[in-house]
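Below is one structure, written out as structure tokens; the observations come after it.
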Amino acid sequence: MARDQRRDLRLAGAAVGAGAAMPGANAKVEGALIEETPVGSSNGRLILGPDGFFDEVPFDPDRLDLYIDSFGIRTELGAEAADAGDAA
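With this note's numbering as the guide, the letters of the sequence shown map in order to residues 213 to 300.
Structure, rendered in structure tokens:
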């Protein structure tokens, strides 16, 4: 995983070196944009397009628990596992 992160940083560095506009933030809530949205960038103008997921549930990397809990099957399995643990 660390190797992939270093590769991503090298690619971002190469993009900036080529004059590409890079977003000012390195993380955002995925699936929250429903229309084109201008964002702060390293240079120039950068517009992020709609980014909805196939499941139409926003994904916040800082709140992974909310995304996982949005899937009913996960919630039900979690409840069943908790009930089984209580019975033991």
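For each residue, glycine too, the CB sits at the ideal point set by N, CA and C.
Would a C-beta distance cut-off of 9 Å place Y279 and F271 closer than the cut-off?
With contacts defined by Cβ atoms closer than 9 Å, Y279 and F271 form a contacting pair.
Apply the 10 Å Cβ neighbour rule to M213 and answer buried if 16 or more other Cβ atoms are within range, or exposed otherwise.
Here the model assigns M213 a pLDDT of 48, short of 50, so the residue's position is not dependable, and the following value carries that caveat. An exposed status is given to M213, since fewer than 16 other beta-carbon atoms sit within 10 Å of its beta-carbon.
Just curious, the alpha helix (DSSP H) that I280 is in, first and last residue?
Unbroken alpha helix (DSSP H) run through I280: 276-281.
Beta carbon of L258, beta carbon of G264: below 9 Å?
Against a cut-off of 9 Å, the Cβ pair of G264 and L258 comes out as no contact.
C-beta contact flag for E248 and G261 at 9 Å:
With a cutoff of 9 Å on beta-carbon distance, E248 and G261 are scored as near each other.
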